[in-house]
Each structure stands twice: as structure tokens, then as C-alpha cells.
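A.B. asks: One structure follows; several queries about it will come next.
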Amino acid sequence: MQQQNTPDHAPAPAGCALRLFWMLVGNAIVYASLATIALNGAHFPSLLDGVVWFTVALTIAARRVDITRWAGKTASGEPATLAHWRRYAVTVVVVTAIASVLAHAIGGPPSA
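Sequential numbering from 18 applies to the sequence shown in my numbering.
Written out as C-alpha cells, the structure is:
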């Protein structure tokens, strides 16, 4: 009988999808929305601002679920705690707020 090399603690597919969302997909949506704001000079607040902040809220919630339900890990492979989540949430909100202000400043007033 052949032995498989998968560890017992391998994350479930749902846990992997959740991690992909908060690590990659959510950030891509935020970056693309902010780039569009900067390129098109969207008013503040705009629909894209709603997309940005809704996605930020979803990524923060997804990170919390990852930690509390799917044994989320830190970048160094240690078990993540709610202290890690709080730090993540504050960092994401502050960085996104700064990026949003910059995107609107770069975009300038919307063109007619």
C-alpha cells in the first residue's frame, strides 16, 4: 500500500479558498478599484469607494474566520491569534484609507 505525503493538518478546501480571498483576491479588488479611482478621477464617495470598503470589511472578516474556524497561520507558520487579527485589521484599514486619499488626490477632479 502506498503512503500519501499529505500532512494531517492540511487545510480543508474551504479554508484554502478563504485564505486565497483575504490574501490575494480581496487585495486585488481593492488595488484595482483604487487604480481605477486614480485613473478616472472618481468623485468621493463613489461606487468604487463602496467596493473598496466593502472588500476591506470582507477581507477582515475572512481573516477572522480563518483564525477562529480554520486554524489560520502567520507568515512564519505559527498559529495565528486574535491579536494577529486585530493588528491585521488596523493595518488594512489605515493603509487603505491612506491609499484611498492618494487615489483621489492623484485622480483630481472628475473629467466632464
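Don't be surprised by glycine CBs; every beta carbon is placed ideally from N, CA and C.
All values derive from a computational prediction rather than experimental measurement.
Would you call the CB atoms of R36 and D66 closer than 8 Å?
C.D. replies: Here residue 36 is taken as the residue at index 19 of the sequence shown, counted from 1. Here residue 66 is taken as the residue at index 49 of the sequence shown, counted from 1. Not closer than 8 Å, so no.
A.B. asks: Could you check the C-alpha separation between A78 and T98 for me, to the nearest Å?
C.D. replies: In the sequence shown, residue 78 corresponds to position 61, counting from 1. In the sequence shown, residue 98 corresponds to position 81, counting from 1. In a straight line, the C-alpha of A78 is about 14 Å away from that of T98.
A.B. asks: If you drop the 5 nearest sequence neighbours on each side, which residues of the same chain put their C-beta closer than 6 Å to that of A120?
C.D. replies: If you number the sequence shown from 1, residue 120 lands on position 103. So the list reads L51, I54, A55, once near-sequence residues are dropped.
A.B. asks: For P96, which beta-bridge partners are listed by DSSP?
C.D. replies: Counted from its first residue, the sequence shown places residue 96 at position 79. DSSP output for P96 lists K90 as bridge partner(s).
A.B. asks: Going straight from the alpha carbon of W39 to that of H60, what length do you get?
C.D. replies: Taking the first residue of the sequence shown as position 1, residue 39 is located at position 22. Taking the first residue of the sequence shown as position 1, residue 60 is located at position 43. Cα-Cα distance, rounded: 27 Å.
A.B. asks: Do you know how far the Cα of V112 is from the Cα of L75?
C.D. replies: Along the sequence shown, one-based indexing puts residue 75 at 58. Along the sequence shown, one-based indexing puts residue 112 at 95. The alpha-carbon atoms of L75 and V112 are separated by roughly 16 Å.
A.B. asks: Can you tell me where the alpha helix (DSSP H) holding P30 begins and where it ends?
C.D. replies: For the purposes of this step, residue 30 is taken as residue 13 along the sequence shown, with counting starting at 1. 30-37 is the span of the alpha helix (DSSP H), which, as asked, contains P30.
A.B. asks: Distance check for T108 and S63, CA to CA, integer angstroms please.
C.D. replies: Here residue 63 corresponds to residue number 46 of the sequence shown, with the count starting at 1. Here residue 108 corresponds to residue number 91 of the sequence shown, with the count starting at 1. Their backbone Cα atoms lie some 23 Å apart in a straight line.
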